[in-house]
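**Q** Just so we're aligned: 375 in this note's numbering is position 299 of the sequence shown, and the numbers increase by one with no gaps anywhere.
A single structure is presented below for examination.
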Amino acid sequence: MYNKSKTPTYSSRTSIGRKFLDFTHKSGLIRAGRGLFKNSLTVINYHRINEPHHPSFDSFKPNVSATPSMFEEQMQYLQKQFQIISVSDLSLWLEKKKELPPYAALITFDDGYLDNYTYAFPILRKYKFPAVIFLATGHIGTDEPFHWDLAAYSFSHTEKERVFFPNEKNARTWHTKAEALKVCHLWVEGIKLLPDEEKQKWVEQLPTQLDVSIPKNYFKNLMCNWDQVREMNQNGINFGGHTINHPILSRISLEMAQTQIKGSKDRIEEELNTPVLSFAYPNGMKADINKNIEAITKQAGYKVAFTLLNGPSPLSEVKQNPFTIRRIFISHTHTISHYAALTSFFNRYRK
């Protein structure tokens with residue numbers, strides 16, 4: 077899911093930033109520099125494809141990677157600039173059974189939202205692009221929301237103007253809906269720092285703290301169901317593990333981490349009757365992964381695993397450690413010029 081540390085330090089929101097990115101994109105500077113990464117793997121990370129500014133949208137907006145029209149524009153860009161591979165291609169390359177093309181790119185999605193099926197899947201089929209969707213299997217086919225979507229709903233529908241944060245004596249306050257959503261984002265970021273058990277307590281208490289009632293089955297159409305997963309799997313989409321219910325693995329015991337990592341793989345293989353090759357670490361930043369977590373992932377039978385550290389990755393780096401492959405986080409705030417910069421030489425070396 078969204079992490080504010082994934083947001084680039086150069087910004088397309090400022091006038092200077094937009095002009096600079098537009099110049100590098102339209103002048104061909106990005107294309108020229110891209111040659112430096114001919115022998116690299118560019119892995120692009122999406123979460124949701126939706127309309128975050130629609131009045132009815134009350135889920136966590138930072139998790140929207142692109143609108144449907146933006147996503148199609150991005151696929152057009154990838155078609156011109158990259159060779160799209162599947163996770164199976166990557167696994168075969170690591171086994172020295174297949175060569176990767178120059179400018180190889182892999183399209184990935186995290187979590188398993190329904191809009192991956194309704195919006196992204198038809199566009200991927202149109203361009204005949206493979207992709208991999210990493211499933212938090214405990215949420216697939218259920219009405220159980222992720223904590224960030226529960227928080228977004230609660231902050232969107234509350235009449236209150238204050239909330240308590242973990243480890244803070246005084247409540248945070250707001251006076252407008254826009255301010256409430258900013259506080260929501262800070263709250264979601266803040267509870268990520270907690271041990272998982274304590275985090276769950278804060279999540280469960282939030283609707284009560286904000287005096288919000290959530291209608292029964294409100295989130296039933298938030299996630300894919302297994303029939304939709306099977307349909308996509310039969311039409312060029314691979315599926316990978318993303319744990320059962322999305323804990324940050326470094327904040328739970330190794331025994332629990334093993335259950336989460338292997339349990340996700342086992343459930344997908346049971347539903348699809350096909351081997352699961354890939355895994356994506358929840359949150360995916362440096363503090364969320366360690367050597368023990370990598371070892372458990374390998375022992376579970378995965379062939380590759382993905383972080384959210386800035387990409388692209390030189391192929392030599394991928395070969396050296398296929399369990400810490402970098403990805404490029406995409407946001408609906410990115411223009412196509414920004415997208416071009418992120419998928420080129422800019423992103424790997426930004427702070």
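All C-beta atoms in this analysis are idealised placements derived from N, C-alpha and C, irrespective of residue type, glycine included.
Report the three-state DSSP secondary structure of D187 (helix, strand or coil).
**A** As a working mapping, residue 187 is identified with position 111 in the sequence shown. If DSSP states are grouped into helix, strand and coil, D187 belongs with the strands.
**Q** Report the rounded CA-to-CA distance for K253 versus I324, giving the unit in angstroms.
**A** Indexing the sequence shown from 1 puts residue 253 at position 177. Indexing the sequence shown from 1 puts residue 324 at position 248. So the two alpha carbons sit approximately 29 Å from each other.
**Q** Run through DSSP, which three-state label would M308 get?
**A** Numbered from 1 along the sequence shown, position 232 holds the residue referred to as residue 308. Residue state, collapsed to three classes: helix.
**Q** Considering only C-alpha positions, which residue in the set W302, V288, F222 is nearest to V239?
**A** In the sequence shown, the residue the question calls residue 239 occupies position 163. Checked all of W302, V288, F222; the closest Cα to V239 is V288.
**Q** Considering only the beta carbon of each residue, do I125 and D191 sit closer than 8 Å?
**A** What you label residue 125 is simply residue 49 of the sequence shown in a count that begins at 1. What you label residue 191 is simply residue 115 of the sequence shown in a count that begins at 1. The answer is yes: Cβ separation under 8 Å.
**Q** Report buried or exposed for Y203, applying the criterion of at least 16 other Cβ atoms within 10 angstroms of its Cβ.
**A** Counting from one through the sequence shown, the residue named residue 203 turns up at place 127. Its Cβ having fewer than 16 others within 10 Å, Y203 is exposed.
**Q** Give the secondary structure of N192 by DSSP, where H, G and I count as helix, E and B as strand, and everything else as coil.
**A** In the sequence shown, the residue the question calls residue 192 occupies position 116. Helix at N192.
**Q** Measuring only the C-alpha atoms, how far is A247 from P138?
**A** As a position in the sequence shown, residue 247 is number 171, starting the count at 1. As a position in the sequence shown, residue 138 is number 62, starting the count at 1. The straight-line gap separating the alpha-carbon atoms of A247 and P138 is approximately 23 Å.
**Q** So does the region 112-123 actually touch the region 392-411, counting three or more Cβ pairs closer than 8 Å?
**A** yes
**Q** To which residues does DSSP link A376 through a beta bridge?
**A** If you number the sequence shown from 1, residue 376 lands on position 300. Paired residue(s): none; A376 is not in a bridge.
**Q** From what residue to what residue does the alpha helix (DSSP H) around Y203 run?
**A** For the purposes of this step, residue 203 is identified with residue 127 of the sequence shown, where counting begins at 1. Here the alpha helix (DSSP H) through Y203 covers 197-203.
**Q** From N311 to V208, what does the alpha carbon distance come to, in whole angstroms?
**A** Here residue 311 is taken as the residue at index 235 of the sequence shown, counted from 1. Here residue 208 is taken as the residue at index 132 of the sequence shown, counted from 1. Approximately 12 Å, taken between the alpha carbons.
**Q** Taking buried to mean at least 16 other C-beta atoms within 10 Å of its own C-beta, is N359 buried or exposed?
**A** If you number the sequence shown from 1, residue 359 lands on position 283. Classification of N359: buried, given that the 10 Å Cβ count is 16 or more.
**Q** Quick one: what does DSSP say P138 is sitting in, helix, strand or coil?
**A** Mapped onto the sequence shown, residue 138 falls at position 62. Correct three-state label for P138: helix.
**Q** I need the DSSP call for G339, collapsed to helix, strand or coil.
**A** Along the sequence shown, one-based indexing puts residue 339 at 263. G339 falls in the helix class under three-state DSSP.
**Q** Assign R327 to one of two classes, buried (16 or more other C-beta atoms within 10 Å of its C-beta) or exposed (fewer than that).
**A** Counted from its first residue, the sequence shown places residue 327 at position 251. It counts as buried.
**Q** Would P178 pass as a contact of N115 if the rule is Cβ separation under 8 Å?
**A** On the sequence shown, position 102 is the one that residue 178 refers to. On the sequence shown, position 39 is the one that residue 115 refers to. Yes, the pair counts as a contact, with Cβ atoms nearer than the cut-off.
**Q** Taking the alpha carbon of M361 as the point to measure from, which residue in K268, K173, F315 has its own alpha carbon closest?
**A** Here the question's residue 361 lines up with position 285 in the sequence shown. Ranking K268, K173, F315 by Cα distance to M361 puts K268 first.
**Q** Quick one: residues in its chain with C-beta nearer than 8 Å to the C-beta of W302, no 5 flanking neighbours on either side, listed in chain order?
**A** For the purposes of this step, residue 302 is taken as residue 226 along the sequence shown, with counting starting at 1. Leaving aside the five residues that flank W302 on each side, the residues in its chain whose CB is nearer than 8 Å to its CB run, in chain order, I216, G217, E347.
**Q** How many Å lie between Y193 and A376 at the Cα?
**A** Start at 1 with the first residue of the sequence shown, and residue 193 comes out as number 117. Start at 1 with the first residue of the sequence shown, and residue 376 comes out as number 300. One C-alpha to the other measures close to 27 Å.
**Q** When you compare each of Y229, G188, S162, A180 to P131 by their alpha carbons, which one comes out closest?
**A** Within the sequence shown, residue 131 is the residue found at index 55, counting from 1. Looking at the Cα atoms, Y229 is the closest of the given residues.
**Q** Tell me the DSSP bridge mates of A356?
**A** Position 280 of the sequence shown holds residue 356. Its beta-bridge partners are F382.
**Q** Which residue or residues does DSSP assign as beta-bridge partners of F231?
**A** As a first step, residue 231 is located in the sequence shown; it is residue number 155 there, counting from the start. DSSP, once it has assigned bridges, lists no residue as partnering F231.
**Q** Of all the alpha helix (DSSP H) runs that stay within the bounds of the region 243-291, which reach a length of 4 or more residues?
**A** 253-267, 272-285
**Q** Locate the beta strand (DSSP E) running through S392, then write down its first and last residues.
**A** To locate residue 392, count along the sequence shown from 1; it is residue 316. Careful: S392 lies outside any beta strand (DSSP E), inside the alpha helix (DSSP H) at 391-396.
**Q** Over what stretch of residues does the beta strand (DSSP E) that includes A207 continue unbroken?
**A** Sequence index remark: in the sequence shown, residue 207 carries index 131 (1-based). It spans 207-211 - the beta strand (DSSP E) in which A207 sits, taken as one unbroken run.
**Q** Are the beta-carbon atoms of P206 and N314 separated by less than 8 Å?
**A** Position 130 of the sequence shown, counting from 1, holds the residue named residue 206. Position 238 of the sequence shown, counting from 1, holds the residue named residue 314. Cβ distance < 8 Å, so P206 and N314 count as in contact.
**Q** Thinking C-alpha only, which one of L262, H223, I412, V380 is nearest P398?
**A** Taking the sequence shown and counting its residues from 1, the one referred to as residue 398 is at position 322. The residue with the shortest Cα to Cα distance from P398 is V380.
**Q** Quick one: give me the first and last residue of the beta strand (DSSP E) that S116 is part of.
**A** As a first step, residue 116 is located in the sequence shown; it is residue number 40 there, counting from the start. Where S116 is concerned, the enclosing beta strand (DSSP E) stretches over 116-122.
**Q** Taking the C-alpha atoms as reference points, what is the distance between K236 and D364?
**A** Your numbering for residue 236 matches position 160 in the sequence shown. Your numbering for residue 364 matches position 288 in the sequence shown. Between K236 and D364, the C-alpha separation is close to 33 Å.
**Q** What whole-angstrom Cβ distance do F197 and M308 have, given they're in contact under 8 Å?
**A** If you number the sequence shown from 1, residue 197 lands on position 121. If you number the sequence shown from 1, residue 308 lands on position 232. Right, the Cβ-Cβ distance comes to about 6 Å (below 8 Å), so this counts as a contact.
**Q** Comparing C-alpha positions only, which one of S389, A333, Q276, A212 sits nearest to K367?
**A** Position 291 of the sequence shown, counting from 1, holds the residue named residue 367. Ranking S389, A333, Q276, A212 by Cα distance to K367 puts A333 first.
**Q** Are the Cβ atoms of T319 and I344 separated by less than 8 Å?
**A** Residue 319 sits at position 243 when you count from the first residue of the sequence shown. Residue 344 sits at position 268 when you count from the first residue of the sequence shown. No, the Cβ-Cβ distance between T319 and I344 is not below 8 Å.
**Q** Under the rule that 16 or more other beta-carbon atoms within 10 Å means buried, what is P351, buried or exposed?
**A** Taking the sequence shown and counting its residues from 1, one reaches residue 351 at position 275. Counting Cβ neighbours within 10 Å, P351 comes out exposed, since fewer than 16 surround it.
**Q** Along the alpha helix (DSSP H) that carries F147, what are the first and last residues, could you check?
**A** Along the sequence shown, read from residue 1 onward, the residue named residue 147 stands at position 71. Taken as a continuous stretch (DSSP letters only), the alpha helix (DSSP H) holding F147 covers 144-157.
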